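Undergrad:
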Amino acid sequence: MTFDLPDLLRDVCGRSAGDWTNMGEGMERGRVELTNNARQGTKKLMVVMTDGMANRPLNRAPFQYVRDEAAACARAGIPIVAISFSVNSDRAIMREIANTTTGVHYHVAGSVSQQKKELKRVFREIAAKRPLLLVE
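The end of the sequence shown is residue 158 by this note's numbering, with every number in the run present.
1. When you compare only the Cα positions, how much space is there between Arg32 and Asp90?
2. Less than 8 Å between the CB atoms is what I'm expecting for Ile102 and Thr123, so what's the real figure, rounded?
3. I need the boundaries of the beta strand (DSSP E) containing Thr72, first residue and last residue.
4. Since Ser106 sits in a beta bridge, which residues does DSSP pair it with?
5. Using a Cβ-Cβ cutoff of less than 7 Å, which residues in the same chain neighbour Pro153 once the five nearest sequence positions on both sides are dropped?
6. Quick check on the burial criterion: 16 or more other C-beta atoms within 10 angstroms. Buried or exposed for Ala92?
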């Protein structure tokens with residue numbers, strides 16, 4: 023995790039999309055980060071966004087990896103908000119991820135400008151449902 027937003031933006035902008043989606047590893051890394059480094063007593067939440075289907079890694083079954091990680095997140099008390107894009111996204115697995123973890127699934131469709139507007143709405147809805155806890 024980082025608070026260096028300019029550095030993060032440079033990193034994200036330097037990446038390019040390909041044909042491969044390793045959802046399981048992203049979920050695993052997120053779960054490990056939240057489990058090991060989150061502040062004690064806080065409610066955790068993971069957001070998984072994809073425009074595709076789980077088709078990586080090659081050394082194990084990608085869909086089972088996703089299911090295993092969803093189950094691990096559920097055991098750790100980490101609900102997942104699953105957000106899918108495009109007609110190519112596997113909405114069934116995204117719904118399964120959300121259901122397994124007592125999270126929620128959103129599908130964002132339409133043009134880029136429509137998706138931008140819909141994503142803002144989705145994230146406002148997510149934020150509105152999160153409990154507010156003031157800490158010292």
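We put the CB at the ideal spot given by N, CA and C, even for glycine. Small disclaimer: the values here were computed from a predicted structure and weren't measured.
TA: In brief:
1. 32 Å
2. 4 Å
3. 68-72
4. Thr72, His129
5. Lys65
6. buried
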